[in-house]
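Notes to accompany the following structure.
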Amino acid sequence: MKINRYVGYDLDALIEEAKRELGNDIKILSYEVEEERALLPFKKRKKYTLFVEVPTPEESFLSMLSKEERSEEIERFLSRIESMIDKKIASLNIQNRIELPTPPHGENIGLKREEFEEFGGDALELIKSLIKKDVEPKIAKLVVKEACGLDIDTNKFDLNTSLFKDALIKGISKKIRFTGPLKVQKGGLKIKAFVGPTGVGKTTNLFKIASELVIKQNLNVAVISIDTFKVGAIQQARAYANILNIPFFAVTDSKNLRKTLSNMSDIDVVLIDTVGRSHYDYWRLGEMKEILGGGNDLIDVSLVISCNYKNSEAMEIVNRYRTFFAINSIFFTKIDETYKPGILVNLPIKSDIAVSFISTGQRVPEDIRLLNAERVAEYLLGE
Ligand SMILES: Nc1nc2c(ncn2[C@@H]2O[C@H](COP(=O)(O)OP(=O)(O)OP(=O)(O)O)[C@@H](O)[C@H]2O)c(=O)[nH]1
Ligand SMILES: [Mg+2]
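Residue numbering for the sequence shown follows the working numbering, beginning at 95 and increasing consecutively.
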């Protein structure tokens with residue numbers, strides 16, 4: 095038994111102190127009172143010593159048991175705790191399931207069943223899984239319907255392929271145009287410009303394309319940058335050009351661009367890097383249009399869009415950019431930064447612009463793929 099000792103001149107205060115330390119149910123074992131003599135005989139003081147038992151119920155109970163009984167008791171105690179923890183976890187899971195917000199397009203598409211009632215079986219399942227990947231419901235129906243036939247038993251559209259992937263490839267091929275590989279003829283000058291909002295990956299991906307053309311296709315490539323606005327942009331581009339050992343020019347106006355292009359007699363492809371511009375900045379987009387005008391209509395314009403844009407924002411970018419430039423293709427980037435790549439079908443179908451490449455990461459030159467129906471299907475199915 096453990097005993098605490100409290101010493102002082104006020105017994106009530108000592109009892110309160112013991113209660114504070116050991117809880118309200120203290121067990122006072124005994125106390126001693128001692129009269130202390132002060133200098134003046136009538137000023138005697140009482141000094142108390144209080145002895146209180148320190149409660150250790152578990153320990154005292156266990157100490158009464160044999161060694162074997164003690165370990166059994168501890169086992170029982172631990173298993174009681176384990177089962178309490180299990181119950182708590184189970185109850186938390188139930189609560190989580192109830193409290194989790196419904197995903198924006200998830201299972202709740204069943205709520206608008208009338209919108210999908212013409213579809214049944216696997217077709218409906220495929221539509222649901224596309225919507226979960228942020229494919230807009232209308233676009234999902236459009237794509238899936240291309241791979242459906244009418245089931246005469248149910249009078250609903252169902253897939254006429256056994257695999258989701260085959261169905262998607264079929265639908266996507268019918269609804270989206272793909273540019274295919276860059277078509278460049280040796281000796282014929284091709285000029286390609288990359289435009290788009292800030293930081294989407296124009297410069298790094300331009301050099302991925304340049305690497306492919308120089309290293310794999312053995313073409314003569316030159317790069318022109320009209321990004322003289324951003325600090326360090328020219329240095330960044332020049333460094334890449336130096337690695338590839340290709341000519342690099344920085345131009346600031348349309349006259350300069352025209353002049354530079356006219357001296358490209360031995361070049362097969364000119365890639366033009368532009369400064370990133372917000373699609374809301376009409377004034378600066380106009381300025382860029384004016385500079386690129388130095389290349390006349392010869393320039394093939396690629397709009398670079400990051401896959402992690404919201405669908406509505408991406409469409410806004412396309413609409414605003416296309417009022418300034420004749421966009422020939424969409425170049426997607428940063429697919430590695432999203433797990434809901436619905437934009438890959440929403441944007442080309444809604445804008446009716448062909449798609450070219452997709453950037454899959456930051457590494458130059460490896461992280462780039464040519465887009466085709468099969469790749470888009472794989473991204474949408476999360477393969
Ligand atoms: N994760 C990821 N990052 C990328 C991808 N493509 C480019 N980046 C990165 O995005 C950042 C911006 O790339 P830039 O090529 O400088 O972008 P930009 O469009 O030229 O930028 P501005 O010239 O400032 O408008 C860099 O850190 C790149 O490495 C991609 O596919 N995935
Ligand atoms: Mg850039």
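Cβ atoms here follow ideal geometry from the backbone N, Cα and C, with glycine treated the same way.
Given a cut-off of 7 Å on the beta-carbon distance, is the pair residue i and residue j in contact?
| i | j | result |
| --- | --- | --- |
| VAL363 | VAL449 | no |
| ALA316 | PRO341 | yes |
| LYS423 | SER445 | According to the sequence as given, residue 423 is Ser; it is not Lys. No. |
| LYS269 | ILE443 | yes |
| TYR103 | TYR125 | no |
| VAL439 | THR368 | no |
| PHE301 | LEU465 | no |
| ASP245 | ASP252 | yes |
| GLU483 | ILE97 | Nothing can be reported for residue 483, as the shown portion of the chain is limited to 95 through 477. |
| ILE421 | ILE447 | yes |
| ARG371 | LEU365 | no |
| ILE221 | VAL238 | yes |
| PHE425 | CYS401 | no |
| LEU338 | VAL308 | yes |
| ILE120 | LYS113 | yes |
In or out: residue i buried (at least 16 other Cβ within 10 Å) or exposed?
| i | result |
| --- | --- |
| LEU257 | exposed |
| MET382 | buried |
| GLY295 | buried |
| GLU230 | buried |
| PRO291 | buried |
| LEU144 | buried |
| ALA217 | buried |
| LYS140 | exposed |
| LYS226 | buried |
| LEU351 | buried |
| ASP321 | buried |
Compare the C-alpha of residue i against each of the options and name the closest.
| i | options | result |
| --- | --- | --- |
| GLN330 | ASN312, THR298, SER305 | THR298 |
| LYS434 | GLU166, ASP360, VAL470 | VAL470 |
| LEU355 | ALA287, GLU110, VAL412, ARG271 | ALA287 |
| LYS353 | ILE385, ASN339, GLU472 | ILE385 |
| MET409 | GLU115, LYS181, TYR374, PRO275 | TYR374 |
| PHE419 | ASP391, GLY274, TYR403, LYS113 | ASP391 |
| SER406 | LEU474, ASP228, VAL458 | ASP228 |
| ASP347 | SER359, ARG131, SER160, PHE323 | PHE323 |
| SER359 | ILE285, PHE210, GLY117, PRO275 | ILE285 |
| LYS280 | PHE425, ILE361, ILE393, VAL458 | ILE361 |
| GLU211 | LYS250, ASN357, ILE120 | LYS250 |
| GLU472 | GLU460, ILE429, LEU441, VAL458 | ILE429 |
| LYS232 | LEU441, ASN254, GLU460 | LEU441 |
| LYS310 | ILE320, LYS235, PRO459, ARG414 | PRO459 |
| ASN413 | TYR376, ILE393, ASP394 | TYR376 |
| LEU475 | TYR415, ASP119, ILE263, ARG332 | ILE263 |
| ASN478 | LEU116, THR248, ALA335 | An answer regarding residue 478 cannot be provided, because it is not within the stretch 95 to 477 covered by the chain. |
| GLU115 | ARG99, VAL127, LYS182, THR248 | ARG99 |
In whole angstroms, what is the alpha-carbon distance linking residue i and residue j?
| i | j | result |
| --- | --- | --- |
| CYS242 | GLN456 | 38 Å |
| ILE399 | LEU172 | 57 Å |
| ILE175 | THR150 | 20 Å |
| THR432 | ILE318 | 31 Å |
| VAL345 | SER453 | 26 Å |
| ASN312 | ALA467 | 28 Å |
| VAL101 | LEU108 | 7 Å |
| GLY387 | GLY215 | 53 Å |
| PHE451 | LEU224 | 21 Å |
| LYS138 | GLU169 | 57 Å |
| ASP180 | GLU166 | 21 Å |
| ASP106 | ARG131 | 21 Å |
| ASP394 | LEU276 | 11 Å |
| ILE411 | THR417 | 10 Å |
| GLU209 | MET178 | 47 Å |
| ARG332 | GLY293 | 18 Å |
| PHE213 | PHE343 | 56 Å |
| GLU219 | LYS235 | 11 Å |
| GLU240 | GLY326 | 48 Å |
| ILE328 | LYS404 | 30 Å |
| GLU111 | GLU128 | 20 Å |
| ASP247 | GLU306 | 52 Å |
| THR255 | ARG207 | 23 Å |
| GLY274 | ASN357 | 29 Å |
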